[in-house]
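Quick note on numbering that gives the first Met the number 0: the sequence shown kicks off at 0 and runs consecutively. Cβ atoms here follow ideal geometry from the backbone N, Cα and C, with glycine treated the same way.
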Amino acid sequence: MTGGNPKPTPDELLDRARALVPLLREKAASAEDARMVSKDVMAALREADLFHILQPERFGGYEYDFSCLMKISCVLGAGCASTAWVAGLAIMHQWLVANFPLQAQEDVWGDAPNAITFGSYSPITEAEAVDGGWRISGSWPFSSGCDHGQWALLGVRIADDAGGDKPVIAFVLVPAKDYKIEDDWFTTALSATGSKRIVCKDVFVPSHRRLDLEDAKAGTSPGAKAQDRPLYRIPMFSCIPTAITGPALGALKGALDDFIDLNKTRKTLAMAGGRSMAGFAGVQTRVAEATAAYDAARLMILRDLKKTNDVVNGGGAVDLDMRMRNRLTHSYILKLCVGAIDGLYSVTGVTGTYEDNRVGRAWRDIHAISHHISLNWDAGSTMYGSYALGLDPHGQF
């Protein structure tokens, strides 16, 4: 709980997210123009306590699961995919911070339990070992939501403590006072995510603010051991794509609902003007296809998340087979979303090309989400296919 208030249930948090959808829709166009989520929308997300979903209870969080994150980011995505993207990452990064050593968590939340973190995982720079930690310099692109964060989570390369030839890939935590933001986010989609560049110059990082990628991938991080909670033993790549899958599903659902509402009364304007759009077989088919795609995708991800939760809650470990299925589902969901939104967009007519058309905006944003390496179908399908055929898989799992 926060501020002495009772801990809200997942359903109550979901209701709060639904209540924000009209605001997100109202602000979507201005957020695109500003190329970032507005401060008042971020304040509304905070007021709804959504950022505490995956945060440890010892720091005021709720320790719910990734199914809760999935449902909420999907609801928010129906209002604005960019806002859902930023909110989903803010929620998920609370889980990732919880995988750091406890001292690092104290640094982030000890005096500020409402602090949130954004950043970039790319190991852009090699950290220089110094007494008590490291020094880093570099610039990290694609740091979604960074204007609103109190901390940055950044990927680095660190010399192997055991003397190996290859550097260790790790994450480090840096407070906002130690970095600058370079505005280079000028895009045609997901514009409001504000995925700008974080720049560090000779920044000192204490040794306890380090999380090795291999530990996060295996579910054996220092935070997982210290917390002794099943939630934090889930392998990283089995769960973090949830944060950016939900916005795509939500954007599809929002576009589908808008498309149906519009075409119930919409008439043609061309030479055969006055005909009902609802009467065209092509329109009917696209609605059916999008509905089936949304339902199938949502059922798939919630099924996989439940199976993963059941395993860790029962004291087990998420094995390679389950990891591969999780990653297959992440990328296949985007394949379904892209196909469905392409179908709807193909029968919107010229109105779909207007900047503020919701189907057109969803089309742009869903395609952009599908380009993320964690959700790319070519990467996900070949990774799973090679594994299923007995070959060594390559990729993020």
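Sequence-distant residues of the same chain with beta carbon closer than 6 Å to residue i, five excluded per side
| i | result |
| --- | --- |
| G253 | A77 |
| P392 | M382, S385 and Y386 |
| D177 | V202 |
| R265 | M276 |
| A361 | A250, A254 and I340 |
| M91 | I239 and A242 |
| A16 | I71, V74 and L75 |
| K200 | S136 |
| S138 | R196 and V198 |
| F65 | C238, T241 and L304 |
Counted within 10 angstroms of its Cβ, other Cβ atoms place residue i as buried (16 or more) or exposed
| i | result |
| --- | --- |
| P7 | buried |
| D106 | buried |
| A220 | The sequence shown places Ser at residue 220, not Ala. Counting Cβ neighbours within 10 Å, S220 comes out buried, since at least 16 surround it. |
| A292 | buried |
| L268 | exposed |
| D303 | buried |
| R197 | Note on identity: in this sequence residue 197 is Ile, with Arg being the wrong assignment. It is buried - the Cβ of I197 has at least 16 other Cβ atoms within 10 Å. |
| P5 | exposed |
| I372 | exposed |
| L319 | exposed |
| K26 | buried |
| F185 | exposed |
Whole-Å CB distance - residue i paired with residue j, under 8 Å assumed
| i | j | result |
| --- | --- | --- |
| A225 | L101 | 5 Å |
| A215 | N308 | About 18 Å; that fails the 8 Å criterion. |
| S206 | G154 | Not really, about 17 Å apart at Cβ, beyond 8 Å. |
| A175 | G144 | Not really, about 12 Å apart at Cβ, beyond 8 Å. |
| P47 | L19 | According to the sequence as given, residue 47 is Ala; it is not Pro. With 8 Å as the limit, A47 and L19 qualify as a contact, their Cβ atoms being about 6 Å apart. |
| L152 | T187 | Incorrect: roughly 27 Å between the Cβ atoms, too far for contact. |
| V167 | D211 | 6 Å |
| L333 | S380 | Between S380 and L333 the Cβ distance is about 11 Å, and since that is not below 8 Å, they are no contact. |
| C67 | P9 | 5 Å |
| R324 | F236 | The Cβ separation is near 12 Å, so there is no contact. |
Coil, strand or helix - residue i by DSSP
| i | result |
| --- | --- |
| G154 | strand |
| D341 | helix |
| P122 | strand |
| P21 | helix |
| E46 | helix |
| T116 | strand |
| L172 | strand |
| S206 | coil |
| R196 | strand |
| W362 | helix |
| G137 | strand |
| I233 | coil |
| D201 | strand |
| G132 | strand |
| V282 | helix |
| S275 | strand |
| I372 | coil |
| E213 | helix |
| V36 | coil |
| E181 | strand |
| V167 | strand |
| E127 | strand |
| S220 | coil |
| S330 | helix |
| S143 | coil |
| K252 | helix |
| K70 | helix |
| K266 | strand |
| Q93 | helix |
| A161 | coil |
| C336 | helix |
Sequence-distant residues of its chain with Cβ nearer than 7 Å to residue i (five each side left out)
| i | result |
| --- | --- |
| L343 | A254, L255, F258, R285, A289 and V358 |
| S72 | A83, A86, G87, A242, G245, P246 and G249 |
| V311 | P229, R232, I233 and V317 |
| F141 | S119 and S194 |
| G131 | P205 and S206 |
| W108 | F58 and A114 |
| T328 | M299, I300 and D303 |
| A458 | Residue coverage of the chain in this structure runs from 0 to 396, which leaves residue 458 outside it and unanswerable. |
| G338 | A292 |
Cutoff 8 Å; reference residue i; Cβ partners in own chain excluding five residues on either side
| i | result |
| --- | --- |
| V282 | N262, M276 and V346 |
| E127 | W133, R134 and I135 |
| A420 | Residue 420 is absent from the structure shown; the chain starts at 0 and stops at 396. |
| E125 | V155, R156, I157, A158 and P166 |
| D45 | It should be noted that the sequence gives Arg, not Asp, for residue 45. So the list reads N113, once near-sequence residues are dropped. |
Interface flag, residue i vs chain D, CB-CB below 8 Å
| i | result |
| --- | --- |
| L12 | Of the chains in the structure shown, none is chain D; there is only one protein chain. |
Cβ-heavy atom distance, residue i to the ligand ZN, below 7 Å
| i | result |
| --- | --- |
| I243 | With respect to small molecules bound, the structure shown includes none, and the ligand ZN cannot be examined in it. |
Say whether the region 174-184 touches the region 348-356, bearing in mind that this needs 3 or more beta-carbon pairs closer than 8 Å, one atom from each stretch.
no
Looking at C-beta atoms only, is the number of pairs between the region 44-62 and the region 149-160 that lie closer than 8 Å three or more?
Between the region 44-62 and the region 149-160, the count of C-beta pairs closer than 8 Å stays below three; the two stretches do not touch.
Examine the Cβ distances between the region 33-42 and the region 182-200 and report whether three or more of them are shorter than 8 Å.
yes
With three or more beta-carbon pairs closer than 8 Å as the criterion, would you say the region 296-305 touches the region 364-384?
no
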